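**Q** According to our numbering, the sequence shown is numbered sequentially starting from 122.
No residue lacks a Cβ here, since even glycine has one placed at the ideal position from N, Cα and C.
Please read these numbers as outputs of a predicted model, since none were measured by experiment.
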Amino acid sequence: MPSDICRSRSKSGQRKVITLRYKVRVIQAYEAATGPQKIFYSIGKEFGVQTGQVSRWVNDKAKIMERAKVNPSAFTVNPGRSISMPHVEAEVLKYFHALQEDDIAMNTDMLIIHALSIDPDFHGC
């Protein structure tokens with residue numbers, strides 16, 4: 122497998138992290154297969170992944186395809202944690218852009234202080 126498609130997190134190579142682009146390729150191969158080749162085992166063996174993974178990916182095809190359109194290099198369909206206080210984050214982003222436009226040097230502490238001045242409960246602080 123090419124290194125940009127599947128890579129190992131650990132140096133021992135036990136756990137493979139597979140991109141959505143590769144998962145889509147596996148799903149397409151499964152759908153294109155006919156006859157005795159259209160079994161999870163043969164597709165898994167061909168692509169070097171477990172049978173259960175192929176089965177899960179085929180069952181989750183809609184989610185994988187949708188997320189792969191957004192970011193094919195992602196490793197999961199989970200988009201991540203949702204924004205807890207969007208109004209505060211929007212204000213901090215405006216503040217950030219204003220400082221950038223004025224060429225004012227800034228650091229993380231400045232952004233945190235500004236966020237806390239808007240809402241003292243921001244991120245549990």
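1. Just verifying my parser: in three-state terms, what is the DSSP assignment at K137?
2. Is there a Cβ of chain B sitting closer than 8 angstroms to that of Y216, yes or no?
3. Determine the closest residue to H244 out of I204, K215 and E152, with distance taken between C-alpha atoms.
4. How would you call K159, buried or exposed, if buried means at least 16 neighbouring beta carbons within 10 angstroms?
5. For M188, count neighbouring C-beta atoms within 10 Å of its own C-beta (all shown protein chains included) and say buried if the count is 16 or more, exposed if not.
6. Anyone know if the C-beta pair for T140 and P200 falls short of 8 angstroms?
7. Looking only at its own chain, which residues have a Cβ that is under 7 angstroms from the Cβ of Q171, when we skip the five neighbours before and after it?
8. Which runs of the alpha helix (DSSP H) at least 4 residues long sit entirely within the stretch 132-199? Give them in chain order.
**A** In brief:
1. Translated into positions along the sequence shown, residue 137 becomes position 16. Residue state, collapsed to three classes: strand.
2. This model lacks chain B altogether; it includes just one protein chain.
3. Residue mapping note: residue 244 aligns to position 123 of the sequence shown, counting from 1. Closest in C-alpha terms to H244, from the list I204, K215 and E152, comes I204.
4. Within the sequence shown, residue 159 is the residue found at index 38, counting from 1. Classification of K159: exposed, given that the 10 Å Cβ count is below 16.
5. On the sequence shown, position 67 is the one that residue 188 refers to. The identity of residue 188 in the sequence shown is Arg, whereas the question assumes Met. Counting Cβ neighbours within 10 Å, R188 comes out buried, since at least 16 surround it.
6. Mapped onto the sequence shown, residue 140 falls at position 19. Mapped onto the sequence shown, residue 200 falls at position 79. No.
7. The residue labelled residue 171 in the question sits at position 50 within the sequence shown. Correct list, in chain order: G165.
8. 141-153, 161-168, 172-180 and 182-191
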